[in-house]
Amino acid sequence: MNELRESILSVGVADPETAVSVHALLGSDPALLARAGDLPQNRQEADTWVKNAFLRPDGPFLETAASAVADVLGEAPDKAQNDVLEAITTRPRTPYDLRAATGLSEADLDVLLPRLEAAGLVRADANPLEPDAPFWTMEHRLARFHYAMLAAHLPRWRRGYITDRLWRMTHARYDRYVCRPEFHRLAREWALNDPAAVQTTRLSVPDPRFRQLRTIELAAWNEAGEPIALGTTRWKFQMVERQLKRLRYVRRLLGDPRTRLYCVASRVEAAISADPDPDLFVIGPAQLLRRGAGETANPQETAPKGDLHPVSRLVGARTRRVG
């Protein structure tokens, strides 16, 4: 069962990218969805909906998101908790990354991270190359929105005088730190459909030549602990050939194993489409949400009154094998 896919479909938004955007904020929580009113049905509507529902003082979710962490913890977060959660919001972090970003000691993090995980704020994603250094990732959606969008300008959002201007200034953070992580997680879940895959992860590979880490968003591993697929994603923007070259470079750093390559994006450059590699696949957002043969809809799945069933608008989505 692809749980995240079913949860996104249950929201009842037919456009795949808009559905991911809505789910990145509300999940499929019936109580939150009931307060959200009419959900956006396309990307243009989504931006207006986010601004009105989450960033205006009279919106239903501004204060809910602003107090999300305190509500979960039962008290206002202290500085150490704030620093850790803010660092994890911008990208998944290993314990080493968190020590460097926050200045906290290993002993402090050993106490703090399990508490945040038990509260449902963060989760530890596997790191196959360093099993003892998992990728700590933001789990709570409204807390993620708080640190990505609200925290730096909360008094200004509450006053509501320059909401439109603030939104223009911070819109990129919404796409990068709120929606894109949800899209990455959906892509990893989709890659688990391969019968040989037992685990999908983010991956950071040391690059000795340039003395840095090369990170890709998607890697699938088999039971023997071998990589069988590597992928890169692009949220809302066209994927360029440079990203495919970077993906192949990471594969060489891993010893050039025989793997499939996934380019996950709504649009790709012509050079990617024309690439003759038989192991290269282009995956669109609709494909990530399409059910396979024999899979049935969740009986709780709903759609807005008078709208088509979400899957009916995904007809024609396909994995396109390049070459």
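All the letters of the sequence shown, read from the start, carry residue numbers 706 to 1028 under the working numbering. By construction, the Cβ of each residue, glycine as well, lies at the ideal position given by its N, Cα and C atoms.
- If the five residues before and after Ala970 are omitted, its C-beta is found closer than 6 Å to the C-beta atoms of Arg939, Met944, all from its own chain and listed in chain order.
- Around the beta carbon of Ser715, 16 or more other beta carbons sit within 10 angstroms, so the residue counts as buried.
- A direct Cα-to-Cα measurement between Arg951 and Leu985 gives close to 14 Å.
- If you check the CB distance, Tyr879 and Thr795 do not come in under 9 Å.
- In the displayed model, Gln948 falls within a helix according to three-state DSSP.
- Beta-bridge partners of Asp912 (DSSP): Gln917.
- Fewer than three Cβ pairs drawn from the stretch 825 to 834 and the stretch 857 to 867 lie within less than 8 Å of each other, which leaves the two stretches out of contact.
- Taking each of Asn898, Gln749, Ala785 in turn and checking the Cα distance to Ala812, the smallest one comes out for Ala785.
- Shown here, Gln904 sits in a strand according to DSSP, grouped into three states.
- For His845, the CB contacts under 7 Å within the same chain, skipping 5 residues up- and downstream, are Ala773, Val777, Gly825, Leu826 in chain order.
- Contact holds between the stretch 920 to 936 and the stretch 954 to 961, because three or more Cβ pairs, one in each stretch, are under 8 Å apart.
- A direct Cα-Cα distance of roughly 25 Å separates Arg849 from Asp837.
- Contact check for His889 against Arg916 fails: the beta carbons are separated by 9 Å or more.
- Straight-line spacing of the CA atoms in Trp895 and Ala929 works out to 20 Å.
- Cβ contact annotation for Ala781 (same chain, cutoff 7 Å, sequence separation greater than five): Ala775, in chain order.
- For Asp830, the enclosing beta strand (DSSP E) covers residues 827 to 830.
- Of the other Cβ atoms in all chains shown, fewer than 16 fall within 10 Å of the Cβ of Ala739; this residue is therefore exposed.
- For Ile713, the three-state secondary structure derived from DSSP is helix.
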